[in-house]
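Trainee:
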Amino acid sequence: MQRKREREQQQLYLIEGAHVVQEALKQAKPQYLLATQAYATADWLQDWQADLIWISDEVAHALAETVTNQGIFAAMPLPAQVQPDTLTGSWLLLDRVQDPGNIGTMVRTADAAGLTGVVLGTGSVDQFSPKLIRSMQGSQFHIQVFSGALSEWIAKFKAIGTPVYGSELNPQAVSFREIQPAHNFALIMGNEGQGMSDTLLQQTDQNLFIPMQGAAESLNVAIAAGVLLFQLQAVDKD
């Protein structure tokens, strides 16, 4: 299940590590669990004995994507990639982002900021690749994560009046500080080296930039996403 073709054939993907597996079990039932004897007395696995397969340390090493593994894995069903009935809320759209670490950081940031979901556009890293699964650290079980053609998603956002923001520095861009926080918006972050595609840029309602105070010319895409998301996302006061 480490290759996309294998995942699609089996309709399963593999996650590893105690924290990520625990987060997954709170949200969905695994096809099966794999664990070494190090977890024989783990209280949180007691309700999953029927789905648990004990494996040797050697098998765990062969399955693991990391050099030092934690000895526990879960085979999870691939979720259906069906757009939700309603697209209200706040969304992060990723245009051809290539680095799993960047995407994982942005998914965790979207989770922390209280977003509704994240959409990985065509040309981005496969949603279920082992490196990305590990990088998301369980946040994919807290918010919705989809893959699909961003143009289709943008058209549906615009049809219900949700503002769509780009993140490309051009003469039409305005400072992100000029935008009032809201509960409904979609923010597009572009490819690490090339930025947003012209096609998507033409579909946005407004393009945003982050004013630089120092000598740096740009920010890492994940850092920039964090700055923008926490500005755009409205926070309800208690």
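Quick note on numbering: the working numbering labels position 190 of the sequence shown as 293, and the sequence is numbered without any gaps. We put the CB at the ideal spot given by N, CA and C, even for glycine.
Quick check on DSSP: helix, strand or coil for L196?
Mentor: In the structure shown, L196 sits in a strand (DSSP, three-state: E or B).
Trainee: May I ask you to report which of helix, strand or coil DSSP gives S254?
Mentor: Three-state DSSP puts S254 in a helix.
Trainee: Residues in the same chain with beta-carbon distance under 7 Å from A337, minus the five sequence neighbours each way, listed in chain order, please.
Mentor: Closer than 7 Å at the Cβ level, and outside the excluded window around A337, lie P284, A285, H286.
Trainee: For the beta strand (DSSP E) containing L290, list its first residue and its last residue.
Mentor: Taken as a continuous stretch (DSSP letters only), the beta strand (DSSP E) holding L290 covers 288 to 292.
Trainee: Return the Cβ separation of Q114 and L166 in integer angstroms, given the expectation that the two are a contact with Cβ distance under 8 Å.
Mentor: Q114 to L166, Cβ: 18 Å. No contact.
Trainee: What span of residues does the beta strand (DSSP E) with E119 cover, start to end?
Mentor: First-last of the beta strand (DSSP E) with E119: 115 to 119.
Trainee: Three-state secondary structure (DSSP) at G220?
Mentor: It is a strand residue.
Trainee: Suppose contacts are defined by Cβ-Cβ distances below 7 Å. Is L253 in contact with S227 by that definition?
Mentor: In this structure, S227 does not lie closer than 7 Å to L253 by Cβ.
Trainee: Note down, in chain order, each residue of its chain lying with its Cβ closer than 6 Å to the Cβ of D229, except the 5 sequence neighbours on either side.
Mentor: Cβ within range, chain order: K107.
Trainee: Cα separation between G296 and A143?
Mentor: The alpha-carbon atoms of G296 and A143 are separated by roughly 47 Å.
Trainee: Where does G264 land, buried or exposed, given buried means 16+ other C-beta within 10 angstroms?
Mentor: Counting Cβ neighbours within 10 Å, G264 comes out exposed, since fewer than 16 surround it.
Trainee: Grab the span of the beta strand (DSSP E) containing Q309 for me, first residue to last.
Mentor: Element bounds for Q309: 309 to 312.
Trainee: What would DSSP say about S270, mapped onto helix, strand or coil?
Mentor: S270 falls in the coil class under three-state DSSP.
Trainee: Is the beta carbon of F231 sitting closer than 7 Å to the one on Y116?
Mentor: Taking 7 Å as the Cβ cut-off, F231 and Y116 qualify as a contacting pair.
Trainee: State yes or no: is the C-beta of D308 within less than 7 Å of the C-beta of V267?
Mentor: The answer is yes: Cβ separation under 7 Å.
Trainee: Three-state secondary structure (DSSP) at M239?
Mentor: Residue state, collapsed to three classes: helix.
Trainee: Please state whether the Cβ-Cβ distance between A127 and I118 is less than 7 Å.
Mentor: Cβ atoms of A127 and I118: closer than 7 Å.
Trainee: Between the Cα of W256 and the Cα atoms of S321, D188, R211, A318, which residue gives the shortest distance?
Mentor: Measuring from the Cα of W256, the nearest candidate turns out to be D188.
Trainee: In this structure, does DSSP put G204 in helix, strand or coil?
Mentor: In the structure shown, G204 sits in a helix (DSSP, three-state: H, G or I).
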